[in-house]
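Trainee:
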Amino acid sequence: MSLFNSQLFFSFLLFLAAYLAKIGLIKLINRNAGSKSTNRRLHINTAKNAINMVFIIALLMLWSNELQNFALSIAAFVVAIVLATRELIQCFIGFLYISSTNPFRVGDWIQTNNQFGEVAETDWAKVTILEISADTYAYTGKTIFLPNNQLMTLPIKNMNYMKRYINHSFSVVMDCIKTNPYDLVPKLYSKAEGYCFEFTDVAQRYNKLIENRLGVQIAGPAPAIKVQTTDIGKVSFVFSIFCPTSKAKKIEQSLISDFYTLYFKAQENAEVNSLSVSDDKTLIPANNQSNSVGNT
């Protein structure tokens, strides 16, 4: 058997060993993994990347002499090859950057520009992200494949703390409000406290945990309501609720419903009071007229 054929044979054995090692480790991790799917996916991803790295290093060592001779024989084309494969090289450098700086790991929520989702897998070429809607905080069913070279130039936001609790903000803008907007704030604040009562203790502890981890003070956990005006002069009610991520949209819809109920009720009471005042004014001239007739 020639040297070349023996190296091909050993290369096939290396590939087979790496493939069987992947299957064996995945089965072992699935059998010993706990109830958290995130930890299982993290361990599987780490094992696959480690086996791939060992396989590539062993393959390079096996073919080192041939690669050296090959590199010498194509020295004139080195620049062209680098230019042709620069995207792949940048992706590999990006993978080394992610691995060394550890800005996120499998299971974290991250945002890069308009891409927002949960990290499902990382490898030397790309990061696989399960897209999450920024409005509903629910999985959209879409998968994003983000090249590693973009992670070296784009800002990366690690939003892992949003998985459990979030400081959810939303606003209600009124075009032409006919009542005093500050009269609605106490009742709306009472409604917001009622919706947040069941998880108040947990929210306080989680809020304190985030502040200790980040070393900064964040809004919450008590709800906040502000009245302000927009750029075109409309009245805006801004709500800020520190609540479980899964309940954010439900609480938002409940508070919007309460706002309109209280607003139309206040507007109705204002109209009734306005009518009663106008009726009193119409009675005054009639009484004056009767008095003048009696004096005559």
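When we follow our numbering, the leftmost residue of the sequence shown carries the number 22, and every step to the right adds one.
In this text, a Cβ means the ideal position worked out from N, Cα and C, and glycines have one as well.
Quick caveat, the model's predicted, so the values are computed rather than measured.
Rounding to the nearest angstrom, what Cα-Cα distance links Ser-32 and Tyr-40 in this structure?
Mentor: Within the sequence shown, numbered from 1, the residue matching residue 32 stands at position 11. Within the sequence shown, numbered from 1, the residue matching residue 40 stands at position 19. Computed Cα separation, rounded: 12 angstroms.
Trainee: Please report the straight-line C-alpha distance between Asn-90 and Lys-184, rounded to a whole angstrom.
Mentor: The residue labelled residue 90 in the question sits at position 69 within the sequence shown. The residue labelled residue 184 in the question sits at position 163 within the sequence shown. Cα-Cα distance, rounded: 53 angstroms.
Trainee: Keeping to the same chain, check which residues put their C-beta closer than 8 angstroms to that of Asn-312; ignore five residues upstream and five downstream.
Mentor: Start at 1 with the first residue of the sequence shown, and residue 312 comes out as number 291. Confidence at Asn-312 is low in this model, with a pLDDT of 48, below 50, so its placement is unreliable and the value that follows should be read with caution. Result list for Asn-312: empty, nothing under 8 angstroms.
Trainee: Going by other Cβ atoms of all chains shown within 10 Å of its Cβ, with 16 needed for buried, is Tyr-203 buried or exposed?
Mentor: Translated into the one-based positions of the sequence shown, residue 203 becomes position 182. The residue in question, Tyr-203, is exposed, as its Cβ has fewer than 16 Cβ neighbours within 10 Å.
Trainee: Which ranges does the alpha helix (DSSP H) cover as unbroken runs of at least 4 residues, wholly within the stretch 79-125, from first to last along the chain?
Mentor: With a minimum length of 4 residues, the continuous alpha helix (DSSP H) runs that stay inside the stretch 79-125 are 85-94, 99-105 and 107-122.
Trainee: Answer with buried or exposed for Cys-197, where buried requires no fewer than 16 other C-beta atoms within 10 angstroms of its C-beta.
Mentor: On the sequence shown, residue 197 is found 176 positions in, with the first residue counted as 1. Burial call: exposed.
Trainee: When DSSP labels each residue in this structure, what does Thr-149 get in the three-state scheme?
Mentor: Along the sequence shown, one-based indexing puts residue 149 at 128. Reduced to three states, the DSSP call for Thr-149 is strand.
Trainee: Measure the alpha-carbon distance for Thr-77 versus Ser-154 and round it to whole angstroms.
Mentor: As a position in the sequence shown, residue 77 is number 56, starting the count at 1. As a position in the sequence shown, residue 154 is number 133, starting the count at 1. Strictly speaking, residue 77 in this sequence is Ile, with Thr absent from that position. Cα to Cα, the separation comes out at about 38 angstroms.
Trainee: Three Cβ pairs or more, each shorter than 8 angstroms: is that satisfied between the stretch 140-149 and the stretch 105-114?
Mentor: Verdict: yes, contact present.
Trainee: Could you tell me which uninterrupted alpha helix (DSSP H) segments, each at least 4 residues in length, are contained entirely in the stretch 173-251, listed from first to last along the chain?
Mentor: 206-217 and 221-235, all fully within the stretch 173-251.
Trainee: Tell me whether Ala-141 sits in a helix, a strand or coil according to DSSP, three-state version.
Mentor: In the sequence shown, counting from the first residue as 1, residue 141 sits at position 120. DSSP places Ala-141 in strand when its eight states are reduced to three.
Trainee: Provide the residue span of the beta strand (DSSP E) that contains Gly-128, from first to last.
Mentor: Position 107 of the sequence shown holds residue 128. Segment: none, Gly-128 is in no beta strand (DSSP E) and carries neither H nor E.
Trainee: From which residue to which residue does the beta strand (DSSP E) around Tyr-158 run?
Mentor: Translated into positions along the sequence shown, residue 158 becomes position 137. Here Tyr-158 belongs to no beta strand (DSSP E), and DSSP marks it neither H nor E.
Trainee: From which residue to which residue does the beta strand (DSSP E) around Ser-257 run?
Mentor: Counting from one through the sequence shown, the residue named residue 257 turns up at place 236. Ser-257 -> beta strand (DSSP E) spans 256-265.
Trainee: Kindly list the residues whose CB is nearer than 7 angstroms to the CB of Leu-29, restricted to its own chain and excluding five residues on each side of it in sequence; keep chain order.
Mentor: To locate residue 29, count along the sequence shown from 1; it is residue 8. Excluding residues within five positions, none has a Cβ falling inside 7 angstroms.
Trainee: My assumption, with CB atoms under 8 angstroms, is that Ala-213 sits in contact with Phe-260. Please give the rounded CB distance.
Mentor: Against the sequence shown, residue 213 aligns to sequence position 192. Against the sequence shown, residue 260 aligns to sequence position 239. Right, the Cβ-Cβ distance comes to about 7 angstroms (below 8 angstroms), so this counts as a contact.
Trainee: What do you reckon, are the CB atoms on Tyr-216 and Ile-150 nearer than 7 angstroms?
Mentor: As a first step, residue 216 is located in the sequence shown; it is residue number 195 there, counting from the start. As a first step, residue 150 is located in the sequence shown; it is residue number 129 there, counting from the start. No, these two residues do not count as a Cβ contact at 7 angstroms.
Trainee: Whose CA, out of Glu-289, Phe-280 and Phe-125, lies closest to the CA of Pro-176?
Mentor: Taking the sequence shown and counting its residues from 1, one reaches residue 176 at position 155. It is Phe-125 whose Cα lies nearest to the Cα of Pro-176.
Trainee: Using the Cα positions of Ser-267 and Tyr-158, report the straight-line distance between them to the nearest angstrom.
Mentor: Looking up residue 267 in the sequence shown gives position 246. Looking up residue 158 in the sequence shown gives position 137. Distance between the alpha carbons of Ser-267 and Tyr-158: 7 angstroms.
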